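Protein chains in written order, with the numbering used here: chain A, 1 to 820; chain B, 821 to 961.
C-beta: ideal position from N, C-alpha, C; glycine also.
If you're wondering where the values come from, they're calculated on a predicted model, not measured in any experiment.
If you want it as structure tokens, here you go:
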């Protein structure tokens, strides 16, 4: 069967490139393994050359696949399943780019791409370590390439290709319109493609600039964890237990910086653009990326210990290996569908569970094996630790990071535990508290350790010097802490005084750590910026902790429902966190008066913007927020809301839509209730009463419009609302061409339409009243007050900046020292 | 390495302790029948929206009151009360995870997780039409 209009060449190039990527990666891995630089042999140079060329070919193939896929998405080639499923013609270019990594195949591709770029940098900078490290990197490239190869081997599906044709994907099998004679059992029409006019689109929740930048950064972070792993394993395999320390240091720092920023961007995305009501919810998906970061940071510190004291080699190797393995484990968790019930992120199985598990196994088993074989000969330093030595407390800190990671992943892995042991244990009632109640104590200890450890020296510290140098920062901290206690404080009481006390202590310890580390830049490093990366990162980290504690404990729901439309709440009817605003009717919310003014729509999409004016009761503050929502997007009933926030330096006011009238249920079925009225009458309606004024008859109307004997009757009425306000309107009706033509008047706030039906011969009037809720335009909101959220973001940025300063310094050092 | 080993041991012990106490706070997955048998106890109930019963939600009168009926795979039915806004995709969900307590012949729900029909391959291959995805959008007749 021939189908017209398909670009089959693109798929052929794509498939071929995937195979090239797979084969070249395997070849590179083998060649680099043969090019062992630690044994003198003449053929090494050739193997190294083959390794390099293969890696270049492999990376080029990945780039080709990536840009080919981007081109197909850009050209809307819907004959490709991936293009059809993840994009549409209405998407802007940035979202077409984002479409690439919406799906499983594309995100593996992104990962491959990032790993390839890092590999190219390694070739230029790793010097003697190039071959041993690149053989592992190439092996990882090989493994990831299998994920996008899309081959069937003896009925086993290996990977999933982004170049699968739509007609081969099964999607069209049940669409009669596309088949010959409208019979799905017959082949597709040769010109079926002409009938597919648009794609399935990028999930509207993901149509957001965060979707454009968060995944590339996160995947760069994922890819970067491979490098310390590769160095550690290369060191172990080649028995070079000390030599790998210097070249790995910049990579470990870089990895922590990028992965940290990637995770933060996920948090910012959740906070700013999704309606999760916060930046972190201890969701399994979030945890799965945090855990490798925590372990990586632990490894970073034990590496320093090892470099300075010769201790903690085993811990360093284990931490770096686990960092990468937990990246693979998180890949398994998030893509296998095993999280099912426990995550808000809509994950579904990709049918590649065995391959994903195998991915972990091919790294875990050899790594564990090599470490086991070699550990007997690891160099060990037999010294009694000194409690005043920096390395001792750094080690404790690293252990705490590791402990924190193990606890988080342990709790997160409940669904895996259930799967293995066949149990049906469900998460606890308050999932977030089950993490917070433990992690808060680790946070306190880490804040204290980061505060004082810089003031200790390696080996041992004279007690007097320690206290002398710490005196000034302690003094400043006491003053700031007093200020914090008086002016800010912790207002979270829901979990009892014990937890509240822990929050207080952690906030104050974090504050101390901010001050102590900032001071150390002058006290310890004399303001040398190039050397202060560590201290800056510590300031950032402590600021992050402070931000987390203060923001989370002092977050307030300000949309507490107390407006006139709410019925009295029964016992236990909490939370009352949603507030309904009727268009044009001001409502009170906390310290604000809110008015839902109007709405507007996106020119191209079914995206609605709701304009809500916030006015503080003291009149000092006024702003407009425009939360938006996709309503019944592409036939999907329901709404998908995006929040809007007003940012102040010290807090955010944040709101999103939680409910809207159903636009399809808008048909107004009520009819007018007619009654005879005369001047001075009072008529009651649902939300008040109406008084009738004196009518006025206007006869001087143009005959060509109103016909013979045409006239207009005007009736002023006063609408008195129960709320106390009243308005006067004038109803009009025209007698034209021998019939009455009333002009309806809609009173939004009252949910009422009034019209003067007619004036009878005797001069009496007939007033039509229609009351219906469907007339009302309203929007239901949830709103929060987030204090000091910017400190949190700034803290993470600062951590990354500090880490990157150190990365640069250590890389330059390595390049200098490794010069032949 | 005496002190660090001690720290390591304490760490491991703390880890085990915390994880064990975490297991004590976990809850259970229940059917409607078994949830009824433990009134007042926090449970997770897997159920479906009972579309034969009306969904009571009027954001104008009270945006924090939702009441609907849920049925589980064993055919049992219960009424669910949720004091929050109606989840955006309640009607189109094919499965609900209801977290809360059964009390006084009603399930007081604290959190609802809606599971929308899967978009992925297995179903597609069977050619199922599912409301979560526009079955075949944008096809000219």
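What are the partner residues of residue i, as DSSP defines its beta bridges?
{"i": "residue 195 of chain A", "result": "In the DSSP output, where bridge partners are listed per residue, residue 195 of chain A has none listed."}
{"i": "residue 835 of chain B", "result": "For residue 835 of chain B, which the question treats as bridged, DSSP gives no partner whatsoever."}
{"i": "residue 717 of chain A", "result": "A/692 and A/729"}
{"i": "residue 236 of chain A", "result": "Paired residues: none, contrary to the question."}
{"i": "residue 850 of chain B", "result": "B/865"}
{"i": "residue 780 of chain A", "result": "A/580 and A/659"}
{"i": "residue 531 of chain A", "result": "Its beta-bridge partners do not exist; DSSP assigns none."}
How far does the beta strand (DSSP E) with residue i in it extend, from its first residue to its last?
{"i": "residue 885 of chain B", "result": "No beta strand (DSSP E) contains residue 885 of chain B, which DSSP labels as neither H nor E."}
{"i": "residue 600 of chain A", "result": "592-601"}
{"i": "residue 353 of chain A", "result": "Element bounds for residue 353 of chain A: not the beta strand (DSSP E) but the alpha helix (DSSP H), 353-374."}
{"i": "residue 615 of chain A", "result": "607-616"}
{"i": "residue 933 of chain B", "result": "926-935"}
{"i": "residue 901 of chain B", "result": "897-902"}
{"i": "residue 655 of chain A", "result": "651-659"}
{"i": "residue 771 of chain A", "result": "765-771"}
Would you say residue i lies against chain A (beta-carbon separation less than 8 angstroms)?
{"i": "residue 837 of chain B", "result": "no"}
{"i": "residue 849 of chain B", "result": "yes"}
{"i": "residue 855 of chain B", "result": "no"}
{"i": "residue 879 of chain B", "result": "yes"}
{"i": "residue 862 of chain B", "result": "yes"}
{"i": "residue 927 of chain B", "result": "no"}
Assuming residue i is part of the alpha helix (DSSP H), what are its boundary residues?
{"i": "residue 409 of chain A", "result": "390-412"}
{"i": "residue 517 of chain A", "result": "496-523"}
{"i": "residue 124 of chain A", "result": "104-125"}
{"i": "residue 12 of chain A", "result": "8-34"}
{"i": "residue 326 of chain A", "result": "313-336"}
Taking 8 angstroms as the threshold (beta carbon to beta carbon), is residue i in contact with chain B?
{"i": "residue 436 of chain A", "result": "no"}
{"i": "residue 153 of chain A", "result": "no"}
{"i": "residue 567 of chain A", "result": "Low confidence applies to residue 567 of chain A: its pLDDT is 38, below 50, so where it sits in the model is not reliable enough to give any reading."}
{"i": "residue 776 of chain A", "result": "yes"}
{"i": "residue 641 of chain A", "result": "yes"}
{"i": "residue 102 of chain A", "result": "no"}
{"i": "residue 427 of chain A", "result": "yes"}
{"i": "residue 682 of chain A", "result": "no"}
{"i": "residue 424 of chain A", "result": "yes"}
{"i": "residue 450 of chain A", "result": "no"}
{"i": "residue 780 of chain A", "result": "yes"}
{"i": "residue 92 of chain A", "result": "no"}
According to DSSP, is residue i part of a helix, a strand, or is it coil?
{"i": "residue 742 of chain A", "result": "strand"}
{"i": "residue 274 of chain A", "result": "coil"}
{"i": "residue 558 of chain A", "result": "coil"}
{"i": "residue 908 of chain B", "result": "coil"}
{"i": "residue 303 of chain A", "result": "helix"}
{"i": "residue 39 of chain A", "result": "coil"}
{"i": "residue 734 of chain A", "result": "strand"}
{"i": "residue 181 of chain A", "result": "helix"}
{"i": "residue 797 of chain A", "result": "helix"}
{"i": "residue 752 of chain A", "result": "strand"}
{"i": "residue 2 of chain A", "result": "coil"}
{"i": "residue 52 of chain A", "result": "helix"}
{"i": "residue 787 of chain A", "result": "strand"}
{"i": "residue 647 of chain A", "result": "strand"}
{"i": "residue 823 of chain A", "result": "Residue 823 of chain A lies beyond the residue range present for chain A, which begins at 1 and ends at 820; the question has no answer from this structure."}
{"i": "residue 77 of chain A", "result": "coil"}
{"i": "residue 459 of chain A", "result": "coil"}
Confirm the yes/no value for this check: CB of residue i, any heavy atom of the ligand HEM, distance under 7 angstroms.
{"i": "residue 227 of chain A", "result": "Among the ligands in the structure shown, none appear at all, so the ligand HEM cannot be discussed."}
For chain E, is any of its Cβ atoms less than 8 angstroms away from the one on residue i?
{"i": "residue 6 of chain A", "result": "Looking at the structure shown, chain E is missing, and the protein chains on hand are A and B."}
Which residues, in order along the segment 882-893 of chain B, keep a beta-carbon less than 9 angstroms from a beta-carbon of chain A? 882, 883, 884 and 885
Relative to chain A, which residues along the segment 909-920 of chain B have a C-beta separation below 7 angstroms, given in chain order? 909, 911, 912 and 917
Given a limit of 9 angstroms on CB to CB distance, which residues of the segment 391-411 of chain A reach chain B? 392, 395, 396, 399, 400, 402, 403, 406, 407, 410 and 411
Tell me which residues of the segment 893-908 of chain B have at least one Cβ-Cβ distance to chain A shorter than 8 angstroms, keeping chain order. 903, 904, 905, 906 and 908
Can you give me, in chain order, the residues of the segment 822-837 of chain B that have a beta carbon less than 8 angstroms from any beta carbon in chain A? 822, 823, 824, 827, 828, 831, 834 and 835
Please identify, using Cβ separations under 8 angstroms, the residues of the segment 574-591 of chain A that lie next to chain B, in order along the chain. 574, 575, 576, 577, 578, 579, 580 and 582
If you measure beta-carbon to beta-carbon, which residues of the segment 651-662 of chain A are closer than 7 angstroms to chain B? 658 and 659
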